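A.B. asks:
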Amino acid sequence: MQRLALPYLATGQFKPIVLDYLENDPQVHPFRAWPFDRAGQDAALAARQFDAGKRTILISAIRRQYAELPIPPKVEEHLLQLAAPGTCTVTTGHQLCLFGGPLFVLFKILNTVCLARDLSTPQRAVVPVFWMASEDHDLAEVDHVFLRGTRVSWSTKATGAVGRMPLSMIDEVVAQAIALLGDGPGAAEIGEILREAYRDGKRLAQATRILVNGLFGRFGVVVVDGDDAALKRLFAPLMKEEMLNEVVARTVRYAEQQMPEHYGAQAHAREINLFHLSPGRRARLVPSDDGFSVLDGGPAFRTEELLEEMERVPEAFSPNVLLRPLYQESVLPNIAYVGGGGEVAYWLQLRWLFQAFQVPMPVVCLRTSAAFLTAEADAR
Numbered sequence: 001m002q003r004l005a006l007p008y009l010a011t012g013q014f015k016p017i018v019l020d021y022l023e024n025d026p027q028v029h030p031f032r033a034w035p036f037d038r039a040g041q042d043a044a045l046a047a048r049q050f051d052a053g054k055r056t057i058l059i060s061a062i063r064r065q066y067a068e069l070p071i072p073p074k075v076e077e078h079l080l081q082l083a084a085p086g087t088c089t090v091t092t093g094h095q096l097c098l099f100g101g102p103l104f105v106l107f108k109i110l111n112t113v114c115l116a117r118d119l120s121t122p123q124r125a126v127v128p129v130f131w132m133a134s135e136d137h138d139l140a141e142v143d144h145v146f147l148r149g150t151r152v153s154w155s156t157k158a159t160g161a162v163g164r165m166p167l168s169m170i171d172e173v174v175a176q177a178i179a180l181l182g183d184g185p186g187a188a189e190i191g192e193i194l195r196e197a198y199r200d201g202k203r204l205a206q207a208t209r210i211l212v213n214g215l216f217g218r219f220g221v222v223v224v225d226g227d228d229a230a231l232k233r234l235f236a237p238l239m240k241e242e243m244l245n246e247v248v249a250r251t252v253r254y255a256e257q258q259m260p261e262h263y264g265a266q267a268h269a270r271e272i273n274l275f276h277l278s279p280g281r282r283a284r285l286v287p288s289d290d291g292f293s294v295l296d297g298g299p300a301f302r303t304e305e306l307l308e309e310m311e312r313v314p315e316a317f318s319p320n321v322l323l324r325p326l327y328q329e330s331v332l333p334n335i336a337y338v339g340g341g342g343e344v345a346y347w348l349q350l351r352w353l354f355q356a357f358q359v360p361m362p363v364v365c366l367r368t369s370a371a372f373l374t375a376e377a378d379a380r
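Residues in the sequence shown are numbered consecutively from 1, following my numbering.
#1: How is residue 239 classed by DSSP in three states: helix, strand or coil?
#2: Restricting to runs no shorter than 3 residues, where is the beta strand (DSSP E) found entirely within the region 87-163?
#3: Just list the residues that DSSP pairs residue 48 with in beta bridges.
#4: Would you mind stating whether residue 209 and residue 166 have Cβ atoms separated by less than 7 Å?
#5: On the CB-based measure, 16 or more other CB atoms within 10 Å of its CB, does residue 262 come out buried or exposed?
#6: With which residues is residue 334 paired in a DSSP beta bridge?
#7: Do residue 313 and residue 344 have their C-beta atoms closer together than 7 Å?
#8: Counting only the same chain and skipping the five closest in sequence on each side, list residues whose C-beta sits under 6 Å from that of residue 28.
#9: So, does the region 225-238 touch the region 322-331, judging by three or more C-beta pairs under 8 Å?
#10: Report buried or exposed for residue 64, applying the criterion of at least 16 other Cβ atoms within 10 angstroms of its Cβ.
#11: Could you check the C-alpha separation between residue 16 and residue 104 for me, to the nearest Å?
#12: Given this structure, state the Cα-to-Cα distance separating residue 246 from residue 266, to the nearest angstrom.
#13: Work out the CA separation of residue 289 and residue 12 for me, nearest whole Å.
#14: What does the alpha-carbon distance come out to for the pair residue 298 and residue 306?
#15: Mapping the DSSP letters down to three states, classify residue 339 as helix, strand or coil.
#16: Pick helix, strand or coil for residue 26, following the three-state DSSP scheme.
#17: Would you kindly report the start and end of the unbroken beta strand (DSSP E) that includes residue 276?
#18: Residues in the same chain with beta-carbon distance under 7 Å from residue 187, minus the five sequence neighbours each way, listed in chain order, please.
#19: Rounded to the nearest angstrom, what separates residue 382 and residue 287 at their Cα positions?
#20: Which whole runs of the alpha helix (DSSP H) in the region 167-233 are 4 residues long or more, in chain order?
#21: Can you tell me which of the three DSSP states residue 314 falls into?
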């Protein structure tokens, strides 16, 4: 296989803020916590502290999430390490795309494995984590995958958070995907993983966990589902603060004001950057005359009622794309996040959000970008 490397600038696919970040341009320094290099990663690792009580709750939640799944030896090793004081994580995350989705999702996970391995020392382990974006509700972005140029799609009438959706009429879709894999190296093993993961009756979050575990469990990748009552309870005080004081909107607006005009904003904050979750529904929470209401026909709350609801059932509330990084970093002992160009751009809008909540911001790392060309394509 021939390898051709292109500078990121030559691809035309990355925003100026991302290119400047990679070049360590001084204009980007105010928007990051640590440099995008090994020195920055080592500094973030040395500085990271994590509450022992949170660590206990985190490990308990992860083991509960794995309760119905055999834990590979390397994952078990990493869970034991993660339970120990001082162990940190490197994390990536993504939507629950059918059969793993685009190839770059696999690159993100492999980058996370390699970085965690590189940063680990005999004195301090670093564990790779895949954070499932199971609360996302954009079904159109996850219900299909392209295999050998063919679109493979799963159709469902389910609504709400995709991770909670039950799989139905999935057998024919799995068979189509396996047929497209052909009989190349590893195809049979991957086919068995798909059959095990995607079965009628399983939820999409369960299927994705089994898939990632089957592909990357041998490397010790720990899968974490944020749609978890215990983890949400840890995050509840920050959700209350966002609801009462619109912290995301204030801090992101400030970041945008500091940015050079040509950078632009990757994501825009709303007044309240939280959703309300209920069976078949994930709808935005918005201010109202006498408190807050949930769009699309959801319930209304007086302020005191909503605070009580967040305390009683924190799992009924869900962060949006700009608040989700804060949730992740508040419940994990994380020191680096691996993401695509768009993710890097919106993480750099969040420097003052992390500062406002006094949550450590990780090093933000750009994932590998690559494409495989066939001999026929190369000839053209």
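Backbone N, C-alpha and C fix where the C-beta goes; we use that ideal spot for every residue, glycine too.
Every value quoted in this text rests on a predicted model; they were computed, and no experiment measured them.
C.D. replies: This is what the structure holds:
#1: DSSP, reduced to helix, strand and coil, places residue 239 within a helical segment of the structure shown.
#2: With a minimum length of 3 residues, the continuous beta strand (DSSP E) runs that stay inside the region 87-163 are 88-95, 126-133, 144-147, 150-153.
#3: BP columns for residue 48 are empty, so no partner.
#4: In terms of Cβ geometry, residue 209 and residue 166 do not form a close pair [threshold 7 Å].
#5: Flag for residue 262 reads exposed.
#6: BP columns for residue 334 point to 89.
#7: Their beta carbons are not under 7 Å apart, which means residue 313 does not touch residue 344 by this criterion.
#8: Within the same chain, residue 28 has close Cβ partners 20, 21.
#9: They touch, by the three-pair rule.
#10: Result: exposed.
#11: If you take the alpha carbons of residue 16 and residue 104, they lie about 21 Å apart.
#12: Whole-angstrom Cα-Cα distance: 19 Å.
#13: Residue 12 and residue 289: Cα-Cα distance of roughly 46 Å.
#14: Computed Cα separation, rounded: 13 Å.
#15: Residue state, collapsed to three classes: strand.
#16: Assigned with DSSP and collapsed to three states, residue 26 falls in helix.
#17: 274-278 is the span of the beta strand (DSSP E), which, as asked, contains residue 276.
#18: Same-chain partners within the cutoff: 181.
#19: An answer regarding residue 382 cannot be provided, because it is not within the stretch 1 to 380 covered by the chain.
#20: Here the runs fully enclosed are 171-181, 187-197, 204-216.
#21: Here residue 314 sits in helix by DSSP.
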